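A.B. asks: Structure provided below as structure tokens; questions to follow.
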Amino acid sequence: MPKRKHAVTLSVGVLTILVAAATGGMSRGASAQAPAARTPIKIGVLSPLSGPLAALARDVVDGARLYVDEVHGEMAGRKVELIVEDYEFKAAVALTKTKKLVERDQVHVVVGVILSAAVLAMKDYIHAHEVPFIVSGAAVAESITMEKPSPYVFRTSFSASQVPPPLGKFVYDKLKARTATVIAGDTVGTIELVMGFARAFEEAGGKVVQELYPPIGTTDFGPYIGKIRRDVGVVATLVPGADGIRFIKQYEEFGLKGKITVVDTAPGITDIAVLPAAGPSAVGMYAANAYVHTIKSPANEKFVRAFRAKTGRDPGGPGEYTYSALAAINQALGATGGNIEAKAKFLEALRRMDLEAPRGRIRFDRYQHVIQDVIITRIDKVGDQIVPVAVETVRGVDQFLGLSPEEYLKRPRLIALKGTFGK
Amino acid sequence: MDFWIVQSLNGIAFGMLLFLLAAGLSLVFGLMRIVNLTHGSFYLLGAYIGFTVIGRTGSFLLAVVVVPLGIAALGLVMHRFLLRRFQGAELSQVLLTFGALFIFADVSLWYWGGYSHVLSKPAFLAGSLTIGTIVFPAYRIFVIVTGVIIALLFWLILERTTLGSMIRAGVDDEEMVRGLGINTPRLFTAVFALGAFLAALSGIIGGPLVGAYPGADFEVLLLALVVVIIGGLGSIGGAFVGSLLVGLIDTFGRALVPELAMFTIFAPMAIILALRPRGLFGRIR
Numbered sequence: 001m002p003k004r005k006h007a008v009t010l011s012v013g014v015l016t017i018l019v020a021a022a023t024g025g026m027s028r029g030a031s032a033q034a035p036a037a038r039t040p041i042k043i044g045v046l047s048p049l050s051g052p053l054a055a056l057a058r059d060v061v062d063g064a065r066l067y068v069d070e071v072h073g074e075m076a077g078r079k080v081e082l083i084v085e086d087y088e089f090k091a092a093v094a095l096t097k098t099k100k101l102v103e104r105d106q107v108h109v110v111v112g113v114i115l116s117a118a119v120l121a122m123k124d125y126i127h128a129h130e131v132p133f134i135v136s137g138a139a140v141a142e143s144i145t146m147e148k149p150s151p152y153v154f155r156t157s158f159s160a161s162q163v164p165p166p167l168g169k170f171v172y173d174k175l176k177a178r179t180a181t182v183i184a185g186d187t188v189g190t191i192e193l194v195m196g197f198a199r200a201f202e203e204a205g206g207k208v209v210q211e212l213y214p215p216i217g218t219t220d221f222g223p224y225i226g227k228i229r230r231d232v233g234v235v236a237t238l239v240p241g242a243d244g245i246r247f248i249k250q251y252e253e254f255g256l257k258g259k260i261t262v263v264d265t266a267p268g269i270t271d272i273a274v275l276p277a278a279g280p281s282a283v284g285m286y287a288a289n290a291y292v293h294t295i296k297s298p299a300n301e302k303f304v305r306a307f308r309a310k311t312g313r314d315p316g317g318p319g320e321y322t323y324s325a326l327a328a329i330n331q332a333l334g335a336t337g338g339n340i341e342a343k344a345k346f347l348e349a350l351r352r353m354d355l356e357a358p359r360g361r362i363r364f365d366r367y368q369h370v371i372q373d374v375i376i377t378r379i380d381k382v383g384d385q386i387v388p389v390a391v392e393t394v395r396g397v398d399q400f401l402g403l404s405p406e407e408y409l410k411r412p413r414l415i416a417l418k419g420t421f422g423k
Numbered sequence: 001m002d003f004w005i006v007q008s009l010n011g012i013a014f015g016m017l018l019f020l021l022a023a024g025l026s027l028v029f030g031l032m033r034i035v036n037l038t039h040g041s042f043y044l045l046g047a048y049i050g051f052t053v054i055g056r057t058g059s060f061l062l063a064v065v066v067v068p069l070g071i072a073a074l075g076l077v078m079h080r081f082l083l084r085r086f087q088g089a090e091l092s093q094v095l096l097t098f099g100a101l102f103i104f105a106d107v108s109l110w111y112w113g114g115y116s117h118v119l120s121k122p123a124f125l126a127g128s129l130t131i132g133t134i135v136f137p138a139y140r141i142f143v144i145v146t147g148v149i150i151a152l153l154f155w156l157i158l159e160r161t162t163l164g165s166m167i168r169a170g171v172d173d174e175e176m177v178r179g180l181g182i183n184t185p186r187l188f189t190a191v192f193a194l195g196a197f198l199a200a201l202s203g204i205i206g207g208p209l210v211g212a213y214p215g216a217d218f219e220v221l222l223l224a225l226v227v228v229i230i231g232g233l234g235s236i237g238g239a240f241v242g243s244l245l246v247g248l249i250d251t252f253g254r255a256l257v258p259e260l261a262m263f264t265i266f267a268p269m270a271i272i273l274a275l276r277p278r279g280l281f282g283r284i285r
């Protein structure tokens, strides 16, 4: 008798497993061929909502939500669903959350991500699983859209090879600085930003005499500020988020504000999401931006008004980059009749993005990175508000700085330049 | 020359902050033989609640006085109703404090969100002091002065009061103290509450420098443990010397050998563990 019971249990078990596998497989296959009009489009939004860049992370999510509100929750006749995940500013968690979004939530496309190291961790998985991914938080390491470019990875934010160089030239030509100290958080994205500045500054004729890299999460910048050479012409920084707030406040406390100008090689401290917390300590800084909320255009003024109405805040860069990313997805869906499941056609349409974004007209280059203007701002006190004021705009800058990709790729990578200055 | 003076002052200020963080932990371990892992939470809650109090009332002074008392009450309740029932089972107590650490971390994340908050300094301490060619933040001087005062107060309490002698006796030989008729459970609760008070105080004093953010509890706990290991468990003098040492080594390490910045706090700890495991002034056998 026990032997027979055994056999029955075993066969029931095996049958159950087979049925589960079959239906599981069927439902996956089914969704690949489901009538496009029926199932919602799922967009994964990955953002570091807890951690030092939480203020910027908030903008990423709000930018996405704003766009979905404006299109009344529908793109090309299909409902749109946003699935927001927090990767805690850690690359490993970003990969885990990506897997969750792709395998459990079955998202059609992923947007967001501010940390370059996170994108670098996700890239192989994204490529292997063929998930369209628009980097729209920041994640500015040049290699993301330069080395081993993946047809699935796009970027609507900016890159380290694109935004800091015009500032390097500006600092030499207009601010007349001849020597510079660079200080950046010790992670690939921020390092590359100051390296992009350093290379352009030296090409213009300047000399970078010091490099300082406090670890992310540094609370006491005293040792680093104490090291800055007091005879240097400018301090070029990318100390991100909450670290940056502490840095610029301590910079003032150690008496350097007003003595040595600080320039943000990209919106670290000077992004409007972070600037109010930095407060008066940031007045007098210059910054290089891909987006500022004070751009005077009908598209931008409309966007800023809507963002303010929805959140009570002014939009910073990551808010606009993500808003544009969703607009790009919508544009691509419009061109493919809403059929996001036909991946090849969808990617093709995405590559042809041509948008009148709040920051201006944006298109992708051959490597799927955005071509855009670079705006140099100065942080001024206007009344009792701390605002970025545009002082110069450089039009149509791409990630290869006007060179052909082949020419640019012959030069050493920005990350390889770390530690080579000031010797 | 300026460089050396500024960095030394930086190191001493950081050291005093570490002392405020570590003193409570050292005392609790010395007396109760448990590593109170909730120490980090007491810091974080002190900093967060201080941030809210300063935000609502604008008064740093109010925060410094009221918040540590509130957290001390929390510590008292936690010990009396949660930990005391496991008297004698040290491992269970440590596990409980570890669990509390996680619970408080999540509650803080839920209430205050994922942002980094830097507490505002009182206006009269927000400026800088200029001595000759050196400009140094006034607040850091305040931290140094506060650390020294607290250290002196501690020394006075431990050496000159009955409570102090009970604590010192308890650190040396708890069984004998019980044998003398002293109510050790109540003593432990009092000391636990004192540890919580100090941790919360360091949260507010350190708030303008370190800030309050998710993860600060673990980071502060780690720093406090390192100082306590170096200085020796159960010794306030050890905590003082250990924290100064760590503060100076870390500051000069970052300034002179920045590539090793992540290592500078742990190197002294590793050396002490290898050469003198009980710590510089440790009294625990």
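In order, the protein sequences belong to chains A and B. Its first residue numbered 1, the first sequence is counted upward by one per residue in the numbering used here. Its first residue numbered 1, the second sequence is counted upward by one per residue in the numbering used here. Ideal Cβ placement from N, Cα and C applies to all residues, glycine included. Predicted, not measured: the structure shown is a model, and the values here were computed from it.
Determine the direct distance from the alpha carbon of F346/A to that of P40/A, and round the result to whole angstroms.
C.D. replies: Within the first sequence, numbered from 1, the residue matching residue 40/A stands at position 40. Within the first sequence, numbered from 1, the residue matching residue 346/A stands at position 346. Answer to the nearest angstrom: the Cα atoms are 16 angstroms apart.
A.B. asks: Output needed in chain order: residues of the stretch 2-16 of chain B with a Cβ under 7 angstroms from some Cβ in chain A.
C.D. replies: Within the stretch 2-16 of chain B, the qualifying residues are F3, V6, Q7, N10, F14.
A.B. asks: Which whole runs of the alpha helix (DSSP H) in the stretch 353-415 of chain A are 4 residues long or more, in chain order?
C.D. replies: Correct list: 405-410.
A.B. asks: With distances taken Cα to Cα, identify the nearest neighbour of R38/A among D384/A, T393/A, L401/A, G338/A.
C.D. replies: Residue numbering aside, residue 38/A sits at position 38 when the first sequence is read from its first letter. R38/A has its Cα closest to that of G338/A, out of D384/A, T393/A, L401/A, G338/A.
A.B. asks: Check P214/A in the structure and name its three-state DSSP category.
C.D. replies: For the purposes of this step, residue 214/A is taken as residue 214 along the first sequence, with counting starting at 1. In the structure shown, P214/A sits in coil (DSSP, three-state: anything other than H, G, I, E or B).
A.B. asks: Nearest-angstrom Cα distance between V182/A and F240/B?
C.D. replies: Numbered from its first residue, the first sequence carries residue 182/A at position 182. Numbered from its first residue, the second sequence carries residue 240/B at position 240. Cα to Cα, V182/A sits roughly 36 angstroms from F240/B.
A.B. asks: Please tell me whether Q7/B and T251/B are closer than 8 angstroms, where the distance is taken between their beta carbons.
C.D. replies: Here residue 7/B is taken as the residue at index 7 of the second sequence, counted from 1. Here residue 251/B is taken as the residue at index 251 of the second sequence, counted from 1. A contact, by the Cβ cut-off of 8 angstroms.
A.B. asks: Sorted by chain position, which residues of the same chain lie with C-beta nearer than 7 angstroms to Q385/A's C-beta, five sequence neighbours on each side aside?
C.D. replies: Residue mapping note: residue 385/A aligns to position 385 of the first sequence, counting from 1. There are no such residues.
A.B. asks: Using CA coordinates, which residue listed in F221/A, N289/A, V113/A, G319/A is at the minimum distance from F427/A?
C.D. replies: Because residue 427/A is not part of the residues shown, which for chain A are 1 to 423, the question remains open.
A.B. asks: Nearest chain A C-beta to V295/B closer than 8 angstroms, yes or no?
C.D. replies: Residue coverage of chain B in this structure runs from 1 to 285, which leaves residue 295/B outside it and unanswerable.
A.B. asks: Could you tell me the boundaries of the alpha helix (DSSP H) in which Y172/A lies?
C.D. replies: For this step, residue 172/A is matched to residue 172 along the first sequence. From DSSP, the alpha helix (DSSP H) with Y172/A extends over 164-173.
A.B. asks: For a minimum of 3 consecutive residues, which ranges assigned as the beta strand (DSSP E) are wholly contained in the stretch 254-325 of chain A?
C.D. replies: Fully enclosed beta strand (DSSP E) runs of 3 or longer: 261-264, 286-289.
A.B. asks: Check the DSSP bridge columns for A184/A and list the partner residues they point to.
C.D. replies: Here residue 184/A is taken as the residue at index 184 of the first sequence, counted from 1. Note: A184/A sits in a beta bridge opposite L238/A.
A.B. asks: Any idea if F136/B is buried or exposed, counting beta-carbon neighbours within 10 angstroms, 16 or more meaning buried?
C.D. replies: Within the second sequence, numbered from 1, the residue matching residue 136/B stands at position 136. Per the 10 Å Cβ criterion, buried.
A.B. asks: So, using beta-carbon positions, are T311/A and G112/A closer together than 8 angstroms?
C.D. replies: To locate residue 311/A, count along the first sequence from 1; it is residue 311. To locate residue 112/A, count along the first sequence from 1; it is residue 112. Against a cut-off of 8 angstroms, the Cβ pair of G112/A and T311/A comes out as no contact.
A.B. asks: Once the 5 residues before and after V209/A are set aside, which same chain residues still bring their CB inside 8 angstroms of it?
C.D. replies: In the first sequence, residue 209/A corresponds to position 209, counting from 1. Contacts found: T179, A180, T181, R229, V232, F421, G422.
A.B. asks: Please report the straight-line C-alpha distance between L95/B and L275/A, rounded to a whole angstrom.
C.D. replies: Within the second sequence, residue 95/B is the residue found at index 95, counting from 1. Within the first sequence, residue 275/A is the residue found at index 275, counting from 1. Cα to Cα, L95/B sits roughly 42 angstroms from L275/A.
A.B. asks: So which residues on chain A does L211/B lean against when the C-beta distance must stay under 8 angstroms?
C.D. replies: Taking the first residue of the second sequence as position 1, residue 211/B is located at position 211. Per the sequence shown, the amino acid found at residue 211/B is Gly instead of Leu. The contacting residues are T219, A242, R246.
A.B. asks: Starting from I141/B, follow the alpha helix (DSSP H) in both directions and report where the run begins and ends.
C.D. replies: Start at 1 with the first residue of the second sequence, and residue 141/B comes out as number 141. 138-160 is the span of the alpha helix (DSSP H), which, as asked, contains I141/B.
A.B. asks: For the alpha helix (DSSP H) containing E90/B, name the first residue and the last one.
C.D. replies: For the purposes of this step, residue 90/B is taken as residue 90 along the second sequence, with counting starting at 1. That run of the alpha helix (DSSP H) goes 90-112.
A.B. asks: I think P240/A touches G185/A, with their Cβ atoms under 8 angstroms apart; what is that distance to the nearest whole Å?
C.D. replies: Numbered from 1 along the first sequence, position 240 holds the residue referred to as residue 240/A. Numbered from 1 along the first sequence, position 185 holds the residue referred to as residue 185/A. Their Cβ separation, rounded to whole angstroms, is 5 angstroms, which keeps P240/A and G185/A in contact under 8 angstroms.
A.B. asks: Distance cutoff 8 angstroms, beta carbons only. Does L280/B sit that close to anything in chain A?
C.D. replies: As a first step, residue 280/B is located in the second sequence; it is residue number 280 there, counting from the start. By this cut-off, L280/B is not an interface position.
A.B. asks: Run through DSSP, which three-state label would L49/A get?
C.D. replies: The residue given as residue 49/A occupies position 49 in the first sequence. It is coil, neither helix nor strand.
A.B. asks: Taking DSSP as the reference, what is the three-state secondary structure of S26/B?
C.D. replies: Against the second sequence, residue 26/B aligns to sequence position 26. It is helical.
A.B. asks: Grouping DSSP H, G and I as helix and E and B as strand, with all else coil, what is L101/A?
C.D. replies: Indexing the first sequence from 1 puts residue 101/A at position 101. It is helical.
A.B. asks: Quick check: what's the CA-CA separation for A273/A versus R58/A?
C.D. replies: Translated into positions along the first sequence, residue 273/A becomes position 273. Translated into positions along the first sequence, residue 58/A becomes position 58. Roughly 9 angstroms between the two C-alpha positions.
A.B. asks: Taking just the CA atoms, how far does F154/A sit from L260/B?
C.D. replies: As a first step, residue 260/B is located in the second sequence; it is residue number 260 there, counting from the start. As a first step, residue 154/A is located in the first sequence; it is residue number 154 there, counting from the start. Using only the alpha carbons, I get a separation of about 36 angstroms.
A.B. asks: Between the beta-carbon of T189/B and the beta-carbon of R85/B, is there less than 8 angstroms?
C.D. replies: Within the second sequence, residue 189/B is the residue found at index 189, counting from 1. Within the second sequence, residue 85/B is the residue found at index 85, counting from 1. No, the pair does not count as a contact, with Cβ atoms beyond the cut-off.
A.B. asks: Spatial neighbours of I216/A within its chain, please: CB distance less than 7 angstroms, with the 5 preceding and 5 following residues excluded, ordered by chain position.
C.D. replies: Here the question's residue 216/A lines up with position 216 in the first sequence. Cβ within range, chain order: P52, G185, D186, T187, D243.
A.B. asks: Is there contact here, the stretch 403-422 of chain A with the stretch 5-23 of chain B, by at least three beta-carbon pairs under 8 angstroms?
C.D. replies: Touching, no, given that fewer than three Cβ pairs across the two stretches are closer than 8 angstroms.
A.B. asks: For a cutoff of 8 angstroms on Cβ pairs, would you count G51/A as touching chain B?
C.D. replies: In the first sequence, the residue the question calls residue 51/A occupies position 51. Taking Cβ atoms only, chain B reaches closer than 8 angstroms to G51/A, which makes this a yes.
A.B. asks: If you reduce the DSSP assignment to three classes, tell me which class L280/B lands in.
C.D. replies: In the second sequence, residue 280/B corresponds to position 280, counting from 1. In the structure shown, L280/B sits in coil (DSSP, three-state: anything other than H, G, I, E or B).
A.B. asks: In terms of alpha-carbon separation, which member of V53/B, F42/B, L9/B lies closest to L21/B?
C.D. replies: Along the second sequence, read from residue 1 onward, the residue named residue 21/B stands at position 21. Taking only the C-alpha atoms, the option nearest L21/B is F42/B.
A.B. asks: Provide the residue(s) that pair with E81/A in DSSP beta bridges, ordered along the chain.
C.D. replies: Residue mapping note: residue 81/A aligns to position 81 of the first sequence, counting from 1. In DSSP, E81/A forms a bridge with K42/A.
A.B. asks: Mind pulling the chain B residues with CB within less than 7 angstroms of P496/A?
C.D. replies: This structure leaves residue 496/A out entirely; chain A is present only between 1 and 423.
A.B. asks: Cβ of M1/B within 7 angstroms of any heavy atom in the ligand GDP?
C.D. replies: You won't find the ligand GDP in this model; it holds no ligand whatsoever.
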